[in-house]
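Presented below is the structure to which this report refers.
Protein chains: 2
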Amino acid sequence: MKVGMTKVSVLYPTGEGKTFNMDYYLNNHIPLVEELLGDALKAATVEKGLGGGAPGSTAPYAAMGNMYFDSVKEFGKAFGPNTEKIMADLPNFTNIEPVVQISEVVA
Amino acid sequence: MKVGMTKVSVLYPTGEGKTFNMDYYLNNHIPLVEELLGDALKAATVEKGLGGGAPGSTAPYAAMGNMYFDSVKEFGKAFGPNTEKIMADLPNFTNIEPVVQISEVVA
């Protein structure tokens, strides 16, 4: 991903009683997001949490979803009108309230 | 980054009194990590936090550093003997204790 791009990270914290269906996420949710955001979404990547920094510790996040856009403005234009549809799909694969971070790719 | 790779995320949480020197991080810390880890480190990317999910909110993380390895084993082999040297450089650019996540790239 190129320097200067906008990265939107959607991080799903682990915790007592928290569940995350990675199959649904990969096969249904990500394709839904890709369809709704169209060309504005330059790339999407997904990671599954394996562990934390200390040996044997739990991963802070069950999953991390990353979306790349040309700018914050392009992200807003594409995501804004689809926020409701995207959020409505969350209960289909998780009971976690995600942490969202908007970043600039600097290296 | 290819599916199956190991991604190690080093996340620097924002907060009252927390500081992060992005110039030092990009120009000194990342090159140090690259030199110490050598060929085991397949790629490193960096993002600077711009904001959170809610309009006008603070980014959860001041910076996110991402390192990619062929496997968890390769990461451990490369990082283990260099952990002390890498950690000793942190006070040179931040007073934040980072959150570390080890993940598998799944998409």
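Top to bottom, those sequences are chains A and B. Counting from 1, one number per residue, gives the positions in the first sequence under this note's numbering. Counting from 1001, one number per residue, gives the positions in the second sequence under this note's numbering. Positions of the beta carbon are idealized from the N, C-alpha and C atoms, including for glycine.
Along chain A, which residues have their Cβ under 7 Å away from the Cβ of residue i?
{"i": "Y1061 (chain B)", "result": "Q101"}
{"i": "E1047 (chain B)", "result": "K7, S103, E104, V105, V106"}
Using the beta-carbon of each residue, which ones in chain B are nearer than 7 Å to residue i?
{"i": "L50 (chain A)", "result": "V1072, I1102, S1103, E1104"}
{"i": "G53 (chain A)", "result": "V1100"}
Exposed or buried, residue i, counting other C-beta atoms within 10 Å across all chains shown (16 or more means buried)?
{"i": "T1006 (chain B)", "result": "buried"}
{"i": "V3 (chain A)", "result": "exposed"}
{"i": "G65 (chain A)", "result": "buried"}
{"i": "S1071 (chain B)", "result": "exposed"}
{"i": "P98 (chain A)", "result": "buried"}
{"i": "G49 (chain A)", "result": "buried"}
{"i": "E84 (chain A)", "result": "exposed"}
{"i": "S1057 (chain B)", "result": "exposed"}
{"i": "T45 (chain A)", "result": "buried"}
Using only alpha-carbon positions, find the residue among the options that is nearest to residue i.
{"i": "G1015 (chain B)", "options": "B:S1103, B:Q1101, B:I1096, B:V1100", "result": "B:I1096"}
{"i": "P1013 (chain B)", "options": "B:E1035, B:V1106, B:A1078, B:T1094", "result": "B:T1094"}
{"i": "M1067 (chain B)", "options": "B:K1085, B:D1023, B:V1105, B:G1017", "result": "B:V1105"}
{"i": "Y1025 (chain B)", "options": "B:A1043, B:E1074, B:A1062, B:F1075", "result": "B:A1062"}
{"i": "Q1101 (chain B)", "options": "A:D89, A:A59, A:P81, A:L41", "result": "A:A59"}
{"i": "F1069 (chain B)", "options": "B:E1035, B:A1040, B:M1087, B:G1056", "result": "B:A1040"}
{"i": "E1034 (chain B)", "options": "B:A1107, B:S1103, B:I1086", "result": "B:I1086"}
{"i": "A78 (chain A)", "options": "A:P31, A:L36, A:V10", "result": "A:L36"}
{"i": "E47 (chain A)", "options": "A:N21, A:G38, A:A54, A:L32", "result": "A:N21"}
{"i": "P1055 (chain B)", "options": "A:K73, A:T19, A:G51, A:N27", "result": "A:K73"}
So residue i is in the alpha helix (DSSP H); what residue range does that whole segment cover?
{"i": "M87 (chain A)", "result": "83 to 88"}
{"i": "F1075 (chain B)", "result": "1072 to 1079"}
{"i": "V33 (chain A)", "result": "30 to 37"}
Specify, as a first and last residue, the run of the beta strand (DSSP E) that residue i falls within.
{"i": "I1096 (chain B)", "result": "Element bounds for I1096 (chain B): n/a, residue is neither H nor E."}
{"i": "V106 (chain A)", "result": "Here V106 (chain A) belongs to no beta strand (DSSP E), and DSSP marks it neither H nor E."}
{"i": "A989 (chain B)", "result": "The requested residue 989 (chain B) is not part of the displayed model; chain B covers only 1001 to 1107."}
{"i": "M67 (chain A)", "result": "61 to 69"}
{"i": "L1026 (chain B)", "result": "No beta strand (DSSP E) holds L1026 (chain B); DSSP gives it neither H nor E."}
{"i": "P13 (chain A)", "result": "6 to 13"}
Since residue i meets chain A, which of its residues come closer than 8 Å, beta carbon to beta carbon?
{"i": "M1001 (chain B)", "result": "T45"}
{"i": "M1064 (chain B)", "result": "S9, Q101, S103"}
Against chain A: residues of the stretch 1016 to 1034 of chain B by CB proximity under 8 Å = M1022, L1026, I1030
Contact list for the stretch 78 to 101 of chain A against chain B, Cβ threshold 9 Å = Within the stretch 78 to 101 of chain A, the qualifying residues are P98, V99, V100, Q101.
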